[in-house]
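Enquirer:
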Amino acid sequence: MNSLIKVNVLSMIRMNGLILPGMVKRGRGVIINIGSLASIVPCPLAAVYGATKAFVDKLSQTLEMEYSKDGIIVQAVNPGYVLSNMTPHLERSSLFAPTAEQFVRSALSTVNVVSRTTGYLPHDISVCVVDCMRAVSERFTAWATIKMMERTRDKVLKKSKTK
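If you count by the numbering used here, then the sequence shown holds residues 1475 to 1637, one letter each, in order.
#1: Using CA coordinates, which residue listed in ALA1618, SER1611, ALA1571, ALA1616 is at the minimum distance from PRO1596?
#2: Using the DSSP secondary-structure output, state which residues sit across from LEU1557 in a beta bridge.
#3: Give me the Cβ distance between VAL1483 and THR1526, rounded to the nearest whole Å; I'm assuming they're in contact under 8 Å.
#4: Quick check on this structure: which residue in GLU1624, LEU1537, VAL1604 has the alpha carbon closest to the alpha carbon of GLY1545?
#5: When the Cα atoms are used, what is the spatial distance from ALA1512 to THR1636?
#6: Pop quiz: VAL1481 and PRO1562 are said to be a contact at Cβ under 8 Å. What is the actual Cβ separation, rounded to whole angstroms?
#7: Can you tell me whether GLY1491 is buried or exposed, with buried defined as 16 or more other CB within 10 angstroms of its CB?
#8: What ranges does the alpha helix (DSSP H) occupy inside the region 1512–1557, keeping only unbroken runs of at least 4 residues that lie completely in it?
#9: Taking 6 Å as the limit between beta carbons, can you name the residues of its chain near ASN1507, skipping five residues before and five after?
#10: Can you tell me which of TYR1555, SER1558, MET1475 puts its alpha carbon nearest to the alpha carbon of ALA1521?
#11: Spatial neighbours of ASP1605 within its chain, please: C-beta separation below 7 Å, excluding the five flanking residues on both sides.
#12: Is SER1477 helix, strand or coil when you go by DSSP?
#13: Can you tell me whether VAL1515 is buried or exposed? The criterion is at least 16 other CB atoms within 10 Å of its CB, across all chains shown.
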């Protein structure tokens, strides 16, 4: 838990604090903070992770408001699954789990267009689906989300045992 807070909260505060003064002095700059879809949709079995990523999202939104007058763009990118070392349960890319290269190309096209994004259209669709499910039944959404997270956890644990 402490490592999540150090990586996702404290490092964000420190890095933004280091680079913002120079950007203000130059009158321009771009900050892209990486959050997670877990900051937008419920994330059972990973509550602290989701909460730290919600911090990234909120900090980014607030910094964008504070520093846009100084010519600084601050964007929060909140992706879903991307095929990488951080997603060992994924065996290959798919529509909802792009390669890192596909994701980066998509996310970079949103800079200076929106200040808050998932960075990838299919991830936006995922958010809409969850929002619609929640509007119909919070209880069902919670059940379905927990089941999905349990399957993900089981895949990760199974894969880690085979190594």
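Each residue gets a CB set at the ideal place from its N, CA and C atoms; glycine is no exception.
Expert: The structure says:
#1: ALA1571
#2: THR1573
#3: 5 Å
#4: LEU1537
#5: 27 Å
#6: Rounded to the nearest angstrom, the Cβ distance from VAL1481 to PRO1562 is 18 Å, too far for a contact under 8 Å.
#7: exposed
#8: 1521–1541
#9: Scanning its chain for C-beta atoms nearer than 6 Å, with the 5 sequence neighbours on each side dropped, one finds around ASN1507 the residues VAL1530, SER1534, ALA1550, in chain order.
#10: MET1475
#11: There are no such residues.
#12: helix
#13: buried
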